[in-house]
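Asker: Just so you know, the sequences run in chain order Y and D. Take 184 as the starting number for the first sequence in the working numbering and just add one per residue. Take 6 as the starting number for the second sequence in the working numbering and just add one per residue. Next up is a structure, given as structure tokens.
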Amino acid sequence: MAVDERSVIEAVSGLGLRGNEEGLIPAFGLYLTRHFSDYYNAASFAYLHAAEKKGPAAVAAARAGLIEAGHVCAFNTFGGIMLSQEWEAVVLPMLESREDWAHGIVAVINALGWGMWKIESLTPGEELQVSLRNSYESEGYLANHTTRNEGGVCFLGTGGVAGVMNLLYHGDIIDRPALTPDFYTKLFGAPERFVAEETECRAHGADACRIVARRAGSAGA
Amino acid sequence: MPQPIKHDLDANVTTLGGRSLVMHCHFYNCALQKAIEEGMGADARDVLRDSAAEPVRTQMLSLVDGDSSRVPEVASAVFRELGFGALDLSQVSRDGGVATVANSHYAMGWMVVEGAREEPACRFVEGFIAGAVAALGGHEVTSVSVVESGCVACGDETCSFTVEVV
Numbered sequence: 184m185a186v187d188e189r190s191v192i193e194a195v196s197g198l199g200l201r202g203n204e205e206g207l208i209p210a211f212g213l214y215l216t217r218h219f220s221d222y223y224n225a226a227s228f229a230y231l232h233a234a235e236k237k238g239p240a241a242v243a244a245a246r247a248g249l250i251e252a253g254h255v256c257a258f259n260t261f262g263g264i265m266l267s268q269e270w271e272a273v274v275l276p277m278l279e280s281r282e283d284w285a286h287g288i289v290a291v292i293n294a295l296g297w298g299m300w301k302i303e304s305l306t307p308g309e310e311l312q313v314s315l316r317n318s319y320e321s322e323g324y325l326a327n328h329t330t331r332n333e334g335g336v337c338f339l340g341t342g343g344v345a346g347v348m349n350l351l352y353h354g355d356i357i358d359r360p361a362l363t364p365d366f367y368t369k370l371f372g373a374p375e376r377f378v379a380e381e382t383e384c385r386a387h388g389a390d391a392c393r394i395v396a397r398r399a400g401s402a403g404a
Numbered sequence: 006m007p008q009p010i011k012h013d014l015d016a017n018v019t020t021l022g023g024r025s026l027v028m029h030c031h032f033y034n035c036a037l038q039k040a041i042e043e044g045m046g047a048d049a050r051d052v053l054r055d056s057a058a059e060p061v062r063t064q065m066l067s068l069v070d071g072d073s074s075r076v077p078e079v080a081s082a083v084f085r086e087l088g089f090g091a092l093d094l095s096q097v098s099r100d101g102g103v104a105t106v107a108n109s110h111y112a113m114g115w116m117v118v119e120g121a122r123e124e125p126a127c128r129f130v131e132g133f134i135a136g137a138v139a140a141l142g143g144h145e146v147t148s149v150s151v152v153e154s155g156c157v158a159c160g161d162e163t164c165s166f167t168v169e170v171v
């Protein structure tokens with residue numbers, strides 16, 4: 184059975200995720216916010232630009248730190264969603280294979296306001312290629328900066344795509360593991376983990392952002 | 006809420022008061038702040054605060070439609086709706102005052118993810134309040150100083166913010 188992305192998007196959008204009387208949005212075992220993309224972008228790009236003034240080592244550290252935040256997001260948010268009652272009720276009935284789970288979580292992501300993710304190709308256990316349109320990161324960059332000479336800016340997206348593969352093909356989220364710090368370390372710290380790279384970015388002049396995740400140490404990773 | 010949050014299902018773009026909104030959890034919010042604080046050191050506080058202030062100022066101006074006296078009410082409603090906690094601006098005027106936040110997403114989130122910290126955690130909230138007071142008083146955001154004087158993540162009972170217009 185193919186994942187009906189539109190019905191997933193409409194279902195998640197219809198969950199009424201808004202602050203309760205305490206001003207909190209508890210959902211998927213998390214506390215959510217509907218946050219300002221301008222905030223994330225201004226803070227992240229200020230960090231990146233400050234690093235670029237210091238040199239390559241500082242840039243590498245900044246990129247790694249920002250992508251690591253994306254890993255944390257993927258592990259907890261994607262993982263939390265895939266373990267949730269809402270997933271079980273809305274998405275799980277459409278899923279027959281592990282690959283369907285990747286399409287299912289991308290459908291949910293496409294209800295979070297991040298822009299439209301599309302799986303361009305998925306080689307089970309090996310590689311995931313995702314294109315992003317209306318990425319809030321690259322579109323936010325272009326709203327306030329000129330096109331970059333090098334390097335993409337979709338750090339959350341990069342960490343997120345790696346996270347999808349780590350949850351499905353390195354860890355086994357289908358087996359409903361607890362999302363513990365030890366499990367995080369296993370998924371994102373082990374030699375056989377997946378890592379992702381943004382190969383094209385709107386902020387670098389491309390027509391869309393493209394991110395590929397492969398095993399660390401594999402050709403192209 | 007003065008306006009509903011709008012979501013374009015085809016583009017996956019959400020907006021309120023002309024500003025794009027994206028959904029993220031306390032793990033990511035704290036992880037991003039931690040990355041920037043560790044990477045930028047003493048400069049991080051101003052970066053985090055300033056990154057919030059201007060978007061909030063322009064959103065407030067859009068939402069109150071010319072009646073700036075409504076900013077405290079609207080800002081508190083938006084803050085709650087978006088999941089940041091319960092913001093009380095009743096003791097804040099266009100000239101400053103003291104704001105409080107109960108159930109601060111950032112303070113509570115930080116305690117859950119990282120545990121207690123020595124410096125206040127609610128840098129985004131400082132910027133949010135600065136943006137709201139700037140909209141209320143017709144100030145530039147750089148003219149509004151907001152300092153978190155007590156934070157749950159530091160062991161205080163509530164998160165409180167001293168607001169001054171300079």
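Every residue gets a Cβ at the ideal spot worked out from N, C-alpha and C, and that includes glycine. These numbers come from a predicted model, not from an experiment.
Is residue 31 of chain D closer than 8 Å to residue 117 of chain D when the C-beta atoms are compared?
Answerer: Yes. Within cutoff.
Asker: Where does the unbroken alpha helix (DSSP H) through residue 1 of chain D begin, and where does it stop?
Answerer: Past the boundaries of the shown model lies residue 1 of chain D; chain D is included only from 6 to 171, so the question cannot be answered.
Asker: For residue 312 of chain Y, which residues does DSSP report across the bridge?
Answerer: DSSP lists Y/304, Y/395 as partners of residue 312 of chain Y.
Asker: Pick helix, strand or coil for residue 219 of chain Y, following the three-state DSSP scheme.
Answerer: It is a strand residue.
Asker: Does DSSP put residue 150 of chain D in a helix, in a strand, or in coil?
Answerer: Residue state, collapsed to three classes: strand.
Asker: Can residue 362 of chain Y and residue 203 of chain Y be called in contact, C-beta distance under 8 Å?
Answerer: Their beta carbons are not under 8 Å apart, which means residue 362 of chain Y does not touch residue 203 of chain Y by this criterion.
Asker: Compute the beta-carbon to beta-carbon distance between residue 90 of chain D and residue 106 of chain D, rounded to the nearest angstrom, for a pair I have assumed lies under 8 Å.
Answerer: Right, their Cβ atoms sit about 5 Å apart.
Asker: Taking only beta-carbon atoms, is residue 10 of chain D less than 8 Å away from chain Y?
Answerer: Output row for residue 10 of chain D: interface = yes.
Asker: Restricting to Cα atoms, I'd like to know which of Y/322, Y/237, Y/287, Y/239 is closest to residue 357 of chain Y.
Answerer: The shortest C-alpha separation from residue 357 of chain Y is found at Y/287.
Asker: From which residue to which residue does the beta strand (DSSP E) around residue 208 of chain Y run?
Answerer: Start and end: 208-210.
Asker: According to DSSP, is residue 6 of chain D part of a helix, a strand, or is it coil?
Answerer: In this structure, residue 6 of chain D counts as coil in the three-state DSSP scheme.
Asker: With DSSP run on the structure shown, which of helix, strand or coil describes residue 91 of chain D?
Answerer: Note: residue 91 of chain D maps to strand in three-state DSSP.
Asker: Please tell me whether residue 314 of chain Y and residue 397 of chain Y are closer than 8 Å, where the distance is taken between their beta carbons.
Answerer: Result no, Cβ atoms of residue 314 of chain Y and residue 397 of chain Y do not sit closer than 8 Å.
Asker: For a contact defined as C-beta to C-beta under 9 Å, what are the partners of residue 392 of chain Y on chain D?
Answerer: Result: empty, since nearest Cβ-Cβ is about 13 Å, beyond 9 Å.
Asker: Taking three-plus beta-carbon pairs below 8 Å as touching, is the stretch 82-102 of chain D in contact with the stretch 41-51 of chain D?
Answerer: No, the stretch 82-102 of chain D does not touch the stretch 41-51 of chain D.
Asker: Against chain Y, with Cβ distances strictly below 8 Å, would residue 47 of chain D count as a contact?
Answerer: By this cut-off, residue 47 of chain D is not an interface position.
Asker: Give the interface partners of residue 98 of chain D over in chain Y, defined as CB-CB distance under 8 Å, in chain order.
Answerer: Chain Y residues near residue 98 of chain D: none, gap ~22 Å exceeds 8 Å.
Asker: Residues of the stretch 253-266 of chain Y with a CB closer than 7 Å to any CB of chain D: list them in chain order, please.
Answerer: Those residues of the stretch 253-266 of chain Y that come within reach of chain D (Cβ to Cβ, closer than 7 Å) are 255, 256, 259, 260.
Asker: Could you tell me the distance, in whole angstroms, from the CA atom of residue 65 of chain D to the CA atom of residue 308 of chain Y?
Answerer: Between residue 65 of chain D and residue 308 of chain Y, the C-alpha separation is close to 47 Å.
Asker: If you measure from the beta carbon of residue 220 of chain Y to each beta carbon in chain D, is any gap under 8 Å?
Answerer: Yes, its Cβ sits closer than 8 Å to a Cβ of chain D.
Asker: Verify the CB distance criterion: does residue 28 of chain D have a CB-CB separation below 8 Å to chain Y?
Answerer: So, interface residue.
Asker: Quick check on residue 386 of chain Y - is its C-beta less than 8 Å from some C-beta in chain D?
Answerer: For residue 386 of chain Y, the answer is no, since every Cβ of chain D falls outside 8 Å of its Cβ.
Asker: Since residue 322 of chain Y contacts residue 385 of chain Y with CB under 8 Å, what's their CB separation in whole angstroms?
Answerer: So it is a contact: roughly 7 Å between Cβ atoms.
Asker: Which chain D residues sit within Cβ distance under 8 Å of residue 216 of chain Y?
Answerer: Within chain D, the residues near residue 216 of chain Y are 28, 29, 30, 31, 34, 87, 88, 89, 110.
Asker: Could you tell me which chain D residues have their CB closer than 8 Å to the CB of residue 361 of chain Y, listed as they occur along the chain?
Answerer: Those within 8 Å of residue 361 of chain Y in chain D number zero; the least Cβ separation is about 15 Å.
Asker: Please report the residue range of the alpha helix (DSSP H) in which residue 353 of chain Y lies.
Answerer: Per DSSP, residue 353 of chain Y belongs to no alpha helix (DSSP H) and is neither H nor E.
Asker: If we call anything under 8 Å between Cβ atoms a contact, is residue 198 of chain Y one with residue 256 of chain Y?
Answerer: No. Outside cutoff.
Asker: Residue 332 of chain Y to residue 342 of chain Y, Cα distance in whole Å?
Answerer: Looking at the two C-alpha atoms, the distance is approximately 22 Å.
Asker: Which residue's Cα is closest to the Cα of residue 218 of chain Y: Y/200, Y/205, Y/233, Y/211?
Answerer: Nearest option by C-alpha distance: Y/200.
Asker: Work out the CA separation of residue 135 of chain D and residue 213 of chain Y for me, nearest whole Å.
Answerer: Residue 213 of chain Y and residue 135 of chain D: Cα-Cα distance of roughly 27 Å.
Asker: Please confirm whether residue 22 of chain D has its beta-carbon closer than 8 Å to some beta-carbon of chain Y.
Answerer: So, not an interface residue.
Asker: Please classify residue 171 of chain D as buried or exposed, where buried requires at least 16 other C-beta atoms within 10 Å of its C-beta.
Answerer: With fewer than 16 other Cβ atoms within 10 Å, it is exposed.
Asker: If you reduce the DSSP assignment to three classes, tell me which class residue 363 of chain Y lands in.
Answerer: In the structure shown, residue 363 of chain Y sits in coil (DSSP, three-state: anything other than H, G, I, E or B).
Asker: From this set, Y/390, Y/379, Y/242, Y/391, which residue's C-alpha is nearest residue 400 of chain Y's C-alpha?
Answerer: It is Y/379.
Asker: For residue 154 of chain Y, return the contacting residues in chain D, with the cut-off set at a CB-CB distance below 9 Å.
Answerer: Given that chain Y is displayed from residue 184 to residue 404, the structure contains no residue 154 of chain Y and the question cannot be resolved.
Asker: Please decide whether residue 95 of chain D counts as near chain Y, where near means a Cβ-Cβ distance under 8 Å.
Answerer: So, not an interface residue.
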